[in-house]
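Undergrad: Using my numbering, the first residue of the first sequence is number 3, and each one after it goes up by one.
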Amino acid sequence: MPVSSPANEEELLARAAVLAGESIAEVAQGLGLPVPADLSKHKGWVGMLIERALGASAGSRPEPDFEHLGVELKTLPVDRAGKPCESTFVCTISLGELCEMEWEDSRVRRKLSRVLWVPVQGERERELRLRRFGTPLIWSPDADELSALRFDWEELAGLVTRFGVDAITGHAGRFLQIRPKARDASVRRHGFAADGASIDALPRGFYLRPSFTFEILRRHFAL
DNA sequence: GATTGATCATGT
DNA sequence: ACATGATCAATC
Numbered sequence: 003m004p005v006s007s008p009a010n011e012e013e014l015l016a017r018a019a020v021l022a023g024e025s026i027a028e029v030a031q032g033l034g035l036p037v038p039a040d041l042s043k044h045k046g047w048v049g050m051l052i053e054r055a056l057g058a059s060a061g062s063r064p065e066p067d068f069e070h071l072g073v074e075l076k077t078l079p080v081d082r083a084g085k086p087c088e089s090t091f092v093c094t095i096s097l098g099e100l101c102e103m104e105w106e107d108s109r110v111r112r113k114l115s116r117v118l119w120v121p122v123q124g125e126r127e128r129e130l131r132l133r134r135f136g137t138p139l140i141w142s143p144d145a146d147e148l149s150a151l152r153f154d155w156e157e158l159a160g161l162v163t164r165f166g167v168d169a170i171t172g173h174a175g176r177f178l179q180i181r182p183k184a185r186d187a188s189v190r191r192h193g194f195a196a197d198g199a200s201i202d203a204l205p206r207g208f209y210l211r212p213s214f215t216f217e218i219l220r221r222h223f224a225l
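#1: Unbroken beta strand (DSSP E) runs of length 3 or more, entirely within the stretch 104-137: which are they?
#2: Under 8 Å, with one C-beta from each stretch per pair, do the stretch 92-108 and the stretch 136-156 reach the 3-pair mark?
#3: Can you give me the start and stop residues for the beta strand (DSSP E) that Asp202 sits inside?
#4: With DSSP as the reference, label Arg164 as helix, strand or coil.
#5: With a floor of 3 residues, list each beta strand (DSSP E) that falls wholly inside the stretch 173-216, ordered by position along the chain.
#6: Residues in the same chain with beta-carbon distance under 7 Å from Glu11, minus the five sequence neighbours each way, listed in chain order, please.
#7: Quick check on this structure: which residue in Asp144, Ile180 and Pro143 has the alpha carbon closest to the alpha carbon of Gly160?
#8: Can you give the Cα-Cα distance for Ser96 and Gly166, rounded to whole angstroms?
#9: What does the alpha-carbon distance come out to for the pair Leu118 and Ala169?
#10: Which residues in the same chain have their Cβ closer than 7 Å to the Cβ of Tyr209, if we skip the five residues on either side of it in sequence?
#11: Output needed for Ser6: all residues of its chain with C-beta closer than 6 Å, excluding positions within five of it in sequence on either side, in chain order.
#12: Beta-carbon separation of Val29 and Thr77 under 8 Å?
#13: Please check the pair Cys101 and Gly124, which I expect to be a contact at CB under 8 Å, by giving their CB distance rounded to whole angstroms.
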């Protein structure tokens, strides 16, 4: 039985708050879903689980998870100290997009305008079914975060425009970075370079570094 | 131990 | 094909 869509942001947050303290096994059982032994072949499984538990609507469509609320849902795996143990995928790069586009219109900005972060225990030593959800947090970037993201985005967009997407490594960007996002390293996606030349490049996406998401948690929970 | 590049599954 | 959901694992 599918979970209904939350009517508003308050209800969404309240639903997520109910899950805090529950284990993955408990939440999965409530939905009648089997829990995989580990995530190695099911990397997005926890994210899908929480989507279903909260009544997310968008599925795999290029829309916010809660379309009518304009809210994006992200799980955030954290270690024992509450520090994120992974980067957070934001969105893919469409090759031509960065050249002429401005930050205000960017997909990074839109994706991150409103996010429901759901912390979940993510230590690899901990059995998947026993990992517990943490207290959720509705977030929008404040002025500092916005300017930091904008700075990185503009730097990265400039690098892509001047040197091409294949010249980018994960080293660039203080909080936002560009990394591969594909089935494997042989995948090529068609697009156009800044000079208009047709190119085929490894698909990449924007990711938030753990230092950025840790700061979000720190500020909110006063860790 | 932290980080970058590689990879896995599923839905439209 | 390409979007969604991310974590794995080799390397620094």
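Ideal Cβ positions, reconstructed from N, Cα and C, are used throughout, including at glycine.
Predicted model, so just to flag it, every value in this text is computed and none were measured.
TA: A quick look at the data gives this:
#1: 117-123
#2: When C-beta atoms of the stretch 92-108 are compared with those of the stretch 136-156, three or more pairs fall below 8 Å, so the two segments count as touching.
#3: Ser200 to Ala203
#4: helix
#5: 178-182, 191-194, 200-203 and 206-210
#6: Leu71, Val73 and Ile140
#7: Ile180
#8: Counting only the Cα atoms, Gly166 lies some 12 Å from Ser96.
#9: When rounded, the distance between both Cα atoms is 33 Å.
#10: Ser89, Thr90, Phe91, Val92, Gln179 and Arg181
#11: Within the same chain, Ser6 has close Cβ partners Gly57.
#12: no
#13: About 36 Å; that fails the 8 Å criterion.
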